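Chains as they are written, first to last, in the working numbering: chain A, 1 to 405; chain B, 1 to 405. Report on the following structure.
Protein chains: 2
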Amino acid sequence: MIEAAIYGYGNIGSGVAEVIEKNQDRIEKAAGQGIHVKYVLDLREFEGDPVREKLVHDVDIIVNDPEVKIICETMGGNEPAYTFTKKALMAGKSVCTSNKELVANHGAELIRIAAEHQCNYFFEASVGGGIPIIRTLNNALKQENILNISGIVNGTTNYILTKMEKDGAAFEEVLKEAQELGFAERNPEADVEGYDACRKIAILSSLMSGRSVDYQDIYTEGITKLTTEDFLYAKKMDKTVKLLAMSKLTEEGYLAMVAPVLIGQEHPLYNVNGVFNAVFVKGNMLGDSMYYGSGAGKLPTASAVAADVIEAARFTGTHLQIDWGEEKIALADMPSSKRSFFVRLDRNKVLEAKAAAEFGNGRVVFLESLPEEYGYITPVMSEREFAEKFEKLDGAISRIRIEGK
Amino acid sequence: MIEAAIYGYGNIGSGVAEVIEKNQDRIEKAAGQGIHVKYVLDLREFEGDPVREKLVHDVDIIVNDPEVKIICETMGGNEPAYTFTKKALMAGKSVCTSNKELVANHGAELIRIAAEHQCNYFFEASVGGGIPIIRTLNNALKQENILNISGIVNGTTNYILTKMEKDGAAFEEVLKEAQELGFAERNPEADVEGYDACRKIAILSSLMSGRSVDYQDIYTEGITKLTTEDFLYAKKMDKTVKLLAMSKLTEEGYLAMVAPVLIGQEHPLYNVNGVFNAVFVKGNMLGDSMYYGSGAGKLPTASAVAADVIEAARFTGTHLQIDWGEEKIALADMPSSKRSFFVRLDRNKVLEAKAAAEFGNGRVVFLESLPEEYGYITPVMSEREFAEKFEKLDGAISRIRIEGK
Numbered sequence: 001m002i003e004a005a006i007y008g009y010g011n012i013g014s015g016v017a018e019v020i021e022k023n024q025d026r027i028e029k030a031a032g033q034g035i036h037v038k039y040v041l042d043l044r045e046f047e048g049d050p051v052r053e054k055l056v057h058d059v060d061i062i063v064n065d066p067e068v069k070i071i072c073e074t075m076g077g078n079e080p081a082y083t084f085t086k087k088a089l090m091a092g093k094s095v096c097t098s099n100k101e102l103v104a105n106h107g108a109e110l111i112r113i114a115a116e117h118q119c120n121y122f123f124e125a126s127v128g129g130g131i132p133i134i135r136t137l138n139n140a141l142k143q144e145n146i147l148n149i150s151g152i153v154n155g156t157t158n159y160i161l162t163k164m165e166k167d168g169a170a171f172e173e174v175l176k177e178a179q180e181l182g183f184a185e186r187n188p189e190a191d192v193e194g195y196d197a198c199r200k201i202a203i204l205s206s207l208m209s210g211r212s213v214d215y216q217d218i219y220t221e222g223i224t225k226l227t228t229e230d231f232l233y234a235k236k237m238d239k240t241v242k243l244l245a246m247s248k249l250t251e252e253g254y255l256a257m258v259a260p261v262l263i264g265q266e267h268p269l270y271n272v273n274g275v276f277n278a279v280f281v282k283g284n285m286l287g288d289s290m291y292y293g294s295g296a297g298k299l300p301t302a303s304a305v306a307a308d309v310i311e312a313a314r315f316t317g318t319h320l321q322i323d324w325g326e327e328k329i330a331l332a333d334m335p336s337s338k339r340s341f342f343v344r345l346d347r348n349k350v351l352e353a354k355a356a357a358e359f360g361n362g363r364v365v366f367l368e369s370l371p372e373e374y375g376y377i378t379p380v381m382s383e384r385e386f387a388e389k390f391e392k393l394d395g396a397i398s399r400i401r402i403e404g405k
Numbered sequence: 001m002i003e004a005a006i007y008g009y010g011n012i013g014s015g016v017a018e019v020i021e022k023n024q025d026r027i028e029k030a031a032g033q034g035i036h037v038k039y040v041l042d043l044r045e046f047e048g049d050p051v052r053e054k055l056v057h058d059v060d061i062i063v064n065d066p067e068v069k070i071i072c073e074t075m076g077g078n079e080p081a082y083t084f085t086k087k088a089l090m091a092g093k094s095v096c097t098s099n100k101e102l103v104a105n106h107g108a109e110l111i112r113i114a115a116e117h118q119c120n121y122f123f124e125a126s127v128g129g130g131i132p133i134i135r136t137l138n139n140a141l142k143q144e145n146i147l148n149i150s151g152i153v154n155g156t157t158n159y160i161l162t163k164m165e166k167d168g169a170a171f172e173e174v175l176k177e178a179q180e181l182g183f184a185e186r187n188p189e190a191d192v193e194g195y196d197a198c199r200k201i202a203i204l205s206s207l208m209s210g211r212s213v214d215y216q217d218i219y220t221e222g223i224t225k226l227t228t229e230d231f232l233y234a235k236k237m238d239k240t241v242k243l244l245a246m247s248k249l250t251e252e253g254y255l256a257m258v259a260p261v262l263i264g265q266e267h268p269l270y271n272v273n274g275v276f277n278a279v280f281v282k283g284n285m286l287g288d289s290m291y292y293g294s295g296a297g298k299l300p301t302a303s304a305v306a307a308d309v310i311e312a313a314r315f316t317g318t319h320l321q322i323d324w325g326e327e328k329i330a331l332a333d334m335p336s337s338k339r340s341f342f343v344r345l346d347r348n349k350v351l352e353a354k355a356a357a358e359f360g361n362g363r364v365v366f367l368e369s370l371p372e373e374y375g376y377i378t379p380v381m382s383e384r385e386f387a388e389k390f391e392k393l394d395g396a397i398s399r400i401r402i403e404g405k
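The structure is reproduced here in structure tokens:
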């Protein structure tokens, strides 16, 4: 029997306790020994809840108990999770976390501390909920040079975009409904502005490169400006709009960004709907692959933490190498990157000939239901060049990037 | 530097050499040391090919060389692969294989022999080519009770079905074209009759249950009887036909089968087209997940072997447990299993009222282009009950099973 503790008894933390309890036979078999949760750290009291037996308010009780070998950190946020995680690792206890913010900020450092103390810092649950994307990158695909990772890694925004597409509803309306259903936070900024997806692609980009990608360096655009009309055009073009978190190995280095993009039916992420997440990975030998599943939710996320707990238990006393160095990597220059854009233009202000003259020869998209405007698909050009033309063009309504595979 | 050998220098074997050569920096970093291919075992001479330097015709040269720690077995077939694999494992050398036939026949035994000799028998490449489905089941999802695995695990048949769907072409015609393009074997029986998929779902079912599923116990039906008309009906119902290899945990035990089935657009496997493979996995905590990628092909399959080589190198001298016992498991009775069926009926022989009287209240599907017949979706009933009714009904043309998630 191996003793574990849970930092933070919220949604995910209580889910971890539930998964360890419900699937204890499987977990014992896989870990080679049973897993027992000895402590739960939380400031709250949980009156009348059986968890009270295990509840402690002082992290040092856990850190100083030599019996405890594994910590599940499900507190979220930077502090006190950062301090508490360091304390645990420095005491030789492996930490399994769902805290994407902490991993994005201090992943490489915490892995180094784990290595120095012959324990592990695992973070499967920090990206893609129950999808084993971290283990796939760290383990199953280590023989590959990863050329491209593109993911739908935020369930809230994917739910909103799916509803906008299927029901023709407006952003604000769907957001309100999602909040009422509990699929979106009362303060939805981290999701709808793309900040959550940005942290996650920073983590994936770091694993892709073996060095540290600072999430603050990643161009990030949310979904708040998308409209019903955008989805009408998308449908006409046999495409849809998805918030993708992308990282590509280019000749200029790793190009990372988070933005809503138009993707076609041939794209493996086209059919990922609702709260589901999926990550597309292209390797130089493997070619295209894709990993799909529940990107959020109590039990799927807790299941990913439990996978880490099993690995931590199997390799107690051994540090398993994760290739994520502390050296910060400079990303490729985003304004120089090239792609095609979809622009909505006011028909009374910009004639088609003018669009062609401005953006180069592209393709016009008409919608009968929107007679006062039209869509224009530009040829491939740099972000910088496009932005300059778009901003100074009177009659340019909005734009969305177009993404191939 | 760790020394390796390749058994069989065919398509996959030469691919393994290529992946190890091309991605040597990645592999060295991940394995903790470089991997060098010291020998290639093949009966052929390969005049003028640089591989000749490493070529041996006698397996004992490899087995008796204490420097060699890892074997890549890419010969295929039962013998001599079985004998050669046992020799290697008994000499304490880990074996990484792409040989689904051998794994399906002797996987549990070879894992036991590896355990007895502190080495490993790895078989990532035996199912799903480059998709890391074996590692996902053995590692990332060990905390889950796996309830359902459904896979498109044969690229040849999926290519044929995709062409039949998109081009409205007949089976024989597409098969011929696939043979000319090299996507189908000259003797296509193993693919089109479902035998290849059957071996693969036997392997996955064994990992799901932790015991041995005999592939000969699995009901297997191929795609040779599917017609252009079937795809017309499928389209009308917003469905498609896929050859699925399925294994489900039911109250009566594991129910496994390979058969063409109708699946709807909501199914995660609906959009898996061409030679791609994908495996849907449902866990009791995780819920739905799906793993998609190149299911065949030289480099993707070789990449999966290389992933095993890295793991074998990292853990040289240590056996990593794989939960696959030799005890044979009895599968659930397939004729008792229940589902809904799609039946084509001759309109001149079976009136709709008669269909309803025979099969129970279902749904009629008309196609204007096929005025002499109609389709009927039966209510859920047992395979046995359906088969009895279908076989004795004069005017019943053909049938396809319908599969939900």
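Cβ atoms here follow ideal geometry from the backbone N, Cα and C, with glycine treated the same way. The structure displayed is predicted, hence computed values, not measured ones.
Give me, in chain order, the residues of the same chain whose beta-carbon lies closer than 7 Å to that of residue i; leave out the 5 immediate sequence neighbours on both sides.
| i | result |
| --- | --- |
| residue 82 of chain A | 102 and 106 |
| residue 15 of chain A | 298, 299, 301 and 302 |
| residue 352 of chain A | 364 |
| residue 111 of chain B | 121, 322 and 324 |
| residue 197 of chain A | 153, 154, 243, 245 and 258 |
Quick one: grab the DSSP three-state call for residue i.
| i | result |
| --- | --- |
| residue 38 of chain B | strand |
| residue 379 of chain B | coil |
| residue 50 of chain B | helix |
| residue 293 of chain B | strand |
| residue 237 of chain B | coil |
| residue 86 of chain A | helix |
| residue 183 of chain B | coil |
| residue 255 of chain B | strand |
| residue 231 of chain B | helix |
| residue 72 of chain A | strand |
| residue 44 of chain B | coil |
| residue 138 of chain B | helix |
| residue 345 of chain A | strand |
| residue 98 of chain B | coil |
| residue 340 of chain B | strand |
| residue 328 of chain A | strand |
| residue 277 of chain B | strand |
| residue 220 of chain A | strand |
| residue 368 of chain A | coil |
Is the Cβ-Cβ distance between residue i and residue j less than 9 Å?
| i | j | result |
| --- | --- | --- |
| residue 7 of chain B | residue 59 of chain B | yes |
| residue 261 of chain A | residue 401 of chain A | yes |
| residue 314 of chain B | residue 108 of chain B | no |
| residue 241 of chain B | residue 161 of chain B | yes |
| residue 225 of chain A | residue 147 of chain A | no |
| residue 73 of chain A | residue 51 of chain A | no |
| residue 178 of chain A | residue 170 of chain A | no |
| residue 356 of chain B | residue 203 of chain B | no |
Enumerate in chain order the residues of its own chain whose CB-to-CB distance from residue i is below 6 Å, with the five nearest sequence positions on each side excluded.
| i | result |
| --- | --- |
| residue 206 of chain A | 212, 213 and 324 |
| residue 151 of chain A | 245 and 279 |
| residue 87 of chain A | 63 |
| residue 304 of chain B | 124, 125 and 130 |
| residue 350 of chain B | 395 |
Checking the sheet assignment: what are the DSSP bridge partners for residue i?
| i | result |
| --- | --- |
| residue 148 of chain A | A:248 and A:282 |
| residue 132 of chain B | Beta-bridge pairing links residue 132 of chain B to no other residue. |
| residue 262 of chain A | A:241 and A:402 |
Could you name the residues of the same chain whose beta carbon sits closer than 8 Å to that of residue i, not counting the 5 residues immediately before and after it, in chain order?
| i | result |
| --- | --- |
| residue 56 of chain B | 39, 40, 41 and 62 |
| residue 68 of chain A | 3, 4, 5, 38, 39, 62 and 93 |
| residue 336 of chain B | 252, 382, 383 and 384 |
| residue 307 of chain B | 124, 132 and 135 |
| residue 379 of chain A | 340, 359, 360, 361 and 362 |
Does the beta carbon of residue i fall short of 8 Å from some heavy atom of the ligand HEM?
| i | result |
| --- | --- |
| residue 148 of chain B | Inclusion of the ligand HEM in the displayed structure is not the case, the ligand content being empty and no account of it being possible. |
Open item on the list: For the structure I just gave you, are there three or more beta carbon pairs, one from the segment 129 to 139 of chain A and one from the segment 279 to 296 of chain B, closer than 8 Å?
Closed with: yes
TODO: Determine, using beta-carbon pairs with one atom in the segment 253 to 271 of chain A and one in the segment 318 to 331 of chain A, whether at least three such pairs fall under 8 Å.
DONE: yes
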